[in-house]
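Peer 1: After the structure tokens below, expect a handful of questions from me.
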Amino acid sequence: MFILFIEPQDAYQPVAFNHIDSPQTSPPPSVSSNDSEASDSEGADPGSDSEREFSSEEDEENEDLNNHPLYDGARVTVGESLLLVLTFILSHRLTGLCLSDLLSLIEIHCAPNNRCVKTLYMFKKHFEMFGRDLIICHFYCSVCEIALESKLSVCDTCQGHNDVAYFIEFPILAQLQCMFKRPGFFQSLMFRFNREKKNVNNIEDIYDGSIYQQSVDNGFLANRNNFSFFMYFDGISLFKSSTFSIWPVYLTINELKYKLRTQKENTVLAGIWFGKTKPNPNLFLGPLHNTLSVLENDGANVTLPCGENVLVKFKLLGVVADMPAKSTFMRLRQFNGAYSCFNCMEKGGRYDLGNSTVQVFPYNRNYQLRDNAEMVEYGRLAFEARLNDPDSSVYGVKGPTLLSIMLPNFVSCMAIDIMHGAFLGVMKTVAGLWFHTEHAGSPFSISDFVQVVDERLKSIKPPLSFQRLSRSLYKEFAQMKASDWKIFFFFYSLPVLNGILPQPYWLHHCKLVMAIAVLCQESISIEEIDAADDLLHSYVEQFQELYGLRYMSLTFHQLLHLGLVVKNLGPSWVYSCFFYESLNGELARLVHGSRYVALQICSSSSVFMNLTVMISTMPDGAAKDLCLKFKKRGTTQVKICENIDHQTDVVGKMVKCFPVPELITGLLRDSFNLVGGMCKYFYRLKRKKVVATNTIHAFPVESIKSVCLFMSVDGNEYMALPINNLEVE
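Position 67 of the sequence shown, counted from 1, bears residue number 67 in the UniProt record's numbering, the numbering being contiguous throughout.
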């Protein structure tokens, strides 16, 4: 994949990074001089002592050139041509060498005295304007972790004996101002006022949770020009041969409709910590806290496409992360320690394995929830205690955290992610207990039947809307991703395990699937949340009896708090990490080597996050159409023969179905009170994308309520309904 990256002349400037100048053959000197790998990875600074500012004359010159035809009489301008090339290479994942040859090929086909960009360097140079004012470098002592004003500053603690490191801030306001300039963006933020709820009393999005409602009641979010963020952070390991990682912080705007909320062009990349160590949370969050404080209290003026200036305000309402990252930023003991639960005061205990011990949390229904004010006090006490003992903690709290003042209530505003918790956590753990041979002989083990389960999985022919086929539990267990476990959990686990998993264990698993499914619905009543909460309590209590105390980790304990989180922040899909993890993967692919990691991300991320917006601003015509075609490469063009609903269509010919399978007639009768009538079947369905299956589905098209998955497993028939139609993954 081609990466937009231009090395700077000098990498030493602790101010806003406004321009990446021309490359030079020798690398800039490294801040770190201890070892070569550290120098390449985390020592090179992204500033520049000699960096020059963009001039207005240069801006006008570039803009003027962009609007010129590629050559006299050409159908495209220079700017359109370059955007076409960029979209093409990203669509086909071309290398830099291939792009260089492509530019030469395009130029030779054009008339003499053309304005073609002929070199790879000039192509990159064209797009560097999108990285203007993109980053601010914040320097700190790499050992003492004390903020420094510049890379030349001396740490007062160690007197400059340690290396200087830095992390990056991406100014939030600049990104927001670009968003508000887009046609329709400001209007799309009114969704909370215009949405049509399925049930006025149910929880259907973050707006219905108690945290959001509190900010409405106090007046902040009752104002149509005030908005809110949800924050995500996590570490991404970049190189297999090194512990080097990056820690991006993303902000999503809650007031956007979920589909828009989870588009990368509407996502704010607020900062990146990088290096071989985990972030110092308060140091890293400091600049973000300052910015958010100004946005919440003073607001900022933004310009709408019509030219109107509007004062807008933003506040942070929630945070989601996996357990290790959450522990780091909440300043709590890691999940394998005492008092490590983020929601309650359960201490847990140590389970003796003989040579070692593991942290477990025996079931206790009468746990005490953590209190926001008490957590702040525990942080203060822990800070004082750690002056004498660096390993001290108070009820699991290791010190103060900026999150306690950035959030309305940093305990209640901390979400539990079902991607890591339910799918990669509980489901993967339990599947390991069932199928791994090390547990053979245990009453819950079905390791001898794993290949039988695989055969059942192979017999299911899901539509391609499931995005991936089921993997072999026998051969590919370790390679299964969160989306694989999610599909197995919701749709496959109960049918394929029925009759194989001992009945008490199968019924026990039913409780978990039912509870999580309820909490992931598009519309949930308080009574349903309470019922799901009871199921989860029953599941965790019974898990200890069926599988043993040994496996009662924090992963299972936090199931007890899912219901409360839904009441606070909305359905579990609202803050699922699938979207953020997808962004992380794309961000990691921007890095193609260990040198100048920050600059590689800086010079590529703006284009990466805003390509859709760049194309949308092109004038209508052949060039824009071709860009959209490249961007949607692989989309199948199909003939629609019947419309089912606003997002679902029948593709191809429909054939009368006779006789109708008994399972389907029963469901139509019991669920929709439909008896008799003509049924037709079809093999291809368009629901956001075209999907196909070789399993016959029979529906009365004029009365269809939902797209379903019909399965025949070992002589039994099952029908699975989608949990919701909103979630990204």
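Where is the CB? At the ideal position from N, CA and C, for every residue including glycine.
By DSSP's criteria, His138 is part of a beta bridge. Which residues make up the other side?
Peer 2: Beta-bridge pairing links His138 to Phe167.
Peer 1: With a cut-off of 8 Å, do at least 3 Cβ pairs link the stretch 205-225 to the stretch 560-577?
Peer 2: In short, these stretches touch, since the Cβ pair count reaches three.
Peer 1: Use the C-beta contact count for Pro183: other C-beta atoms within 10 angstroms, 16 or more gives buried, fewer gives exposed.
Peer 2: By the neighbour-count rule (16 or more Cβ atoms within 10 Å), Pro183 is not buried but exposed.
Peer 1: What is the C-beta distance between Phe444 and Tyr505, in whole angstroms, given that I count them as a contact (C-beta under 8 Å)?
Peer 2: Confirmed, about 5 Å.
Peer 1: Since Ile304 and Val312 should fall inside the 8 Å C-beta cutoff, what is the C-beta to C-beta distance between them, to a whole number of angstroms?
Peer 2: For the sequence presented, residue 304 should be read as Leu rather than Ile. No, Leu304 and Val312 are not in contact; Cβ-Cβ is about 10 Å, not under 8 Å.
Peer 1: Quick check on Leu251: does DSSP put it in helix, strand or coil?
Peer 2: Three-state DSSP puts Leu251 in a strand.
Peer 1: Is it a yes or a no for the stretch 414-422 touching the stretch 353-368, going by three-plus beta-carbon pairs under 8 Å?
Peer 2: With the cut-off at 8 Å, the stretch 414-422 and the stretch 353-368 do not touch.
Peer 1: Output needed for Asn724: all residues of its chain with C-beta closer than 7 Å, excluding positions within five of it in sequence on either side, in chain order.
Peer 2: Once the five neighbours on either side are set aside, the close Cβ partners of Asn724 are Cys520, Gln521, Glu522 and Trp573.
Peer 1: Within 10 angstroms of its Cβ, does Phe710 collect 16 or more other Cβ (buried), or is it exposed?
Peer 2: Phe710 should be labelled buried.
Peer 1: Can you confirm whether the stretch 610-617 touches the stretch 70-82 when touching is taken to mean that 3 or more C-beta pairs between the two stretches lie within less than 8 Å?
Peer 2: No, the stretch 70-82 is not in contact with the stretch 610-617.
Peer 1: What number of angstroms, rounded off, separates the C-alpha of Tyr547 from the C-alpha of Gln359?
Peer 2: The alpha-carbon atoms of Tyr547 and Gln359 are separated by roughly 16 Å.
Peer 1: Using the beta-carbon count (16 or more within 10 Å), is Met406 buried or exposed?
Peer 2: Met406 comes out buried.
Peer 1: Is the beta carbon of Met414 less than 8 Å from the beta carbon of Met552?
Peer 2: Cβ atoms of Met414 and Met552: not closer than 8 Å.
Peer 1: Between which two residues does the beta strand (DSSP E) carrying Ala720 extend?
Peer 2: Here the beta strand (DSSP E) through Ala720 covers Asn716 to Ala720.
Peer 1: For Gly399, which residues from the same chain have a beta carbon less than 7 Å from its beta carbon, with the 5 sequence-adjacent residues on both sides left out?
Peer 2: Same-chain partners within the cutoff: Arg331, Gly379, Ala382, Phe383 and Arg386.
Peer 1: Can Val426 and Phe342 be called in contact, C-beta distance under 8 Å?
Peer 2: The answer is no: Cβ separation not under 8 Å.
Peer 1: Is the stretch 482-500 touching the stretch 711-719 in the sense that three or more CB pairs, one from each, lie closer than 8 Å?
Peer 2: Result yes; three or more Cβ-Cβ pairs closer than 8 Å.
Peer 1: Ordered along the chain, which non-local residues of its own chain (more than five positions away) have a Cβ less than 6 Å from that of Val216?
Peer 2: Excluding residues within five positions, the ones whose Cβ falls inside 6 Å are Ala222.
Peer 1: Given Met480, which residues of its chain have a CB within under 6 Å of its CB, disregarding the five upstream and five downstream residues?
Peer 2: Answer for Met480: Arg471, listed in chain order.
Peer 1: For the alpha helix (DSSP H) that contains Tyr505, what are its first and last residues?
Peer 2: Where Tyr505 is concerned, the enclosing alpha helix (DSSP H) stretches over Gln503 to Leu519.
Peer 1: Look at the alpha carbon of Ala517 and the alpha carbon of Leu536, and state the distance between them as a whole number of angstroms.
Peer 2: Using only the alpha carbons, I get a separation of about 12 Å.
Peer 1: Can you give, in chain order, each stretch of the alpha helix (DSSP H) that sits fully within the stretch 142-228 and has at least 4 residues?
Peer 2: You should have 172-180, 185-188, 191-194 and 210-217.
Peer 1: Taking Cβ positions, are Cys137 and Asn162 nearer each other than 8 Å?
Peer 2: No, the Cβ-Cβ distance between Cys137 and Asn162 is not below 8 Å.
Peer 1: Compute the distance between the beta-carbons of Phe139 and Ser150, then report whether it is under 8 Å.
Peer 2: Contact: yes.
Peer 1: Considering Met122, what are the terminal residues of the alpha helix (DSSP H) in which it resides?
Peer 2: Looking at the DSSP string, the run of the alpha helix (DSSP H) that includes Met122 is Leu120 to Phe127.
Peer 1: Find out if the Cβ-Cβ distance for the pair Phe229, Thr252 is shorter than 8 Å.
Peer 2: The answer is yes: Cβ separation under 8 Å.
Peer 1: Grouping DSSP H, G and I as helix and E and B as strand, with all else coil, what is Thr303?
Peer 2: The answer is strand: DSSP assigns Thr303 an E or B state.
Peer 1: Do Ile172 and Leu302 come within 8 Å of each other at the CB atom, strictly closer than that value?
Peer 2: Before going on, a small fix: residue 302 reads as Val here, not Leu. The answer is no: Cβ separation not under 8 Å.
Peer 1: Which whole runs of the beta strand (DSSP E) in the stretch 337-412 are 3 residues long or more, in chain order?
Peer 2: You should have 349-352 and 357-360.
Peer 1: Since Gly318 sits in a beta bridge, which residues does DSSP pair it with?
Peer 2: Note: Gly318 sits in a beta bridge opposite Phe230.
Peer 1: How about Phe239 and Lys315: do their beta carbons lie closer than 8 Å?
Peer 2: No, the pair does not count as a contact, with Cβ atoms beyond the cut-off.
Peer 1: Use the C-beta contact count for Arg589: other C-beta atoms within 10 angstroms, 16 or more gives buried, fewer gives exposed.
Peer 2: Classification for Arg589: exposed.
Peer 1: In this structure, how does DSSP classify Gly271 when only helix, strand and coil are distinguished?
Peer 2: In the structure shown, Gly271 sits in a strand (DSSP, three-state: E or B).
Peer 1: By the 10 Å Cβ neighbour count, where 16 or more other Cβ atoms means buried, how is Gly634 classified, buried or exposed?
Peer 2: Its pLDDT being 42, under 50, Gly634 is placed unreliably by the model, and nothing is read from it.
Peer 1: Grab me the residues of Val452's own chain with a C-beta within less than 7 Å of its C-beta, minus the 5 sequence neighbours each way, in chain order.
Peer 2: Excluding residues within five positions, the ones whose Cβ falls inside 7 Å are Ile500.
Peer 1: Please list the terminal residues of the continuous alpha helix (DSSP H) segment that includes Met330.
Peer 2: Its alpha helix (DSSP H) spans residues Met323 to Met330.
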